[in-house]
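Undergrad: For the sequence shown, this note's numbering puts the final residue at 242, and the numbers step up evenly by one. I'd like to ask some things about the structure below.
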Amino acid sequence: FGAGRIKELGEACAAAGIAKPLLVTDRGLAALPVTQVALDAMEAAGLGRGLFAEVDPNPTEKNLEAGLVAYRAGGHDGVIAFGGGSGLDLAKMVAFMSGQTRPVWDFEDIGDWWTRADPA
Numbered sequence: 123f124g125a126g127r128i129k130e131l132g133e134a135c136a137a138a139g140i141a142k143p144l145l146v147t148d149r150g151l152a153a154l155p156v157t158q159v160a161l162d163a164m165e166a167a168g169l170g171r172g173l174f175a176e177v178d179p180n181p182t183e184k185n186l187e188a189g190l191v192a193y194r195a196g197g198h199d200g201v202i203a204f205g206g207g208s209g210l211d212l213a214k215m216v217a218f219m220s221g222q223t224r225p226v227w228d229f230e231d232i233g234d235w236w237t238r239a240d241p242a
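So this is what it looks like as C-alpha cells:
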C-alpha cells in the first residue's frame, strides 16, 4: 500500500503468474480517474485492460454470473480486486468460482472447510 504503488500492478501480476487479469470493481470506483490509472498500468505491463464493474451493493448471483461470463469471454487468468466492499466481495467470488464446477450455493455455510471446492 502507498502512493504510486498502482504502477507495480504488472510486477505483482507477474509474481502471481497472471498474464491477463480482470480488474473487478464497483461502478462508482470504475468512474474515477484512479481506475483509469490502474488500467493504464495494466496495459503498459502488457496485461490488457480487462474491466468488470457490473457490481451492485451486496452482489447478487446475477452479478457473479455476469462476472464469470466476462472472465471466461476475455480469456482472463486472474482477478484484481480493486476497491473494497461489494466490489471486493464479488472479485473474490469471481476468482473462486472461475475454477469451480459446482454452483456457488453448494458452498454456502456447509461447515466442511470448503473441501468440496475443486483444487486450483
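Think of the CB as a built atom: it goes at the ideal place given N, C-alpha and C, for glycine as much as any other residue.
In the structure shown, what three-state DSSP assignment does L145 receive?
TA: strand
Undergrad: Hey, how far is the Cα of L161 from the Cα of T223?
TA: 30 angstroms
Undergrad: Can you name, in chain order, every residue of its own chain whose Cβ lies under 8 angstroms from the Cβ of V159, other than the five neighbours on each side?
TA: I128
Undergrad: Going by DSSP, what residue range makes up the alpha helix (DSSP H) through V191?
TA: 183–195
Undergrad: Residues in its own chain within less than 6 angstroms of S220 by CB, not counting five upstream and five downstream?
TA: Y193
Undergrad: Whose CA, out of V177, L190, I202, G206, lies closest to the CA of V226?
TA: L190
Undergrad: Once DSSP output is grouped into helix, strand and coil, what is the label at I128?
TA: If DSSP states are grouped into helix, strand and coil, I128 belongs with the helices.
Undergrad: At a threshold of 7 angstroms, does G205 count as lining the ligand HEM (C-beta to nearest heavy atom)?
TA: The ligand HEM is not part of the structure shown, which contains no ligands of any sort.
Undergrad: How many Å lie between D178 and A137 at the Cα?
TA: Distance between the alpha carbons of D178 and A137: 31 angstroms.
Undergrad: Under DSSP, the beta strand (DSSP E) around A163 begins and ends at which residues?
TA: Where A163 is concerned, there is no enclosing beta strand (DSSP E), although the alpha helix (DSSP H) it sits in stretches over 155–166.
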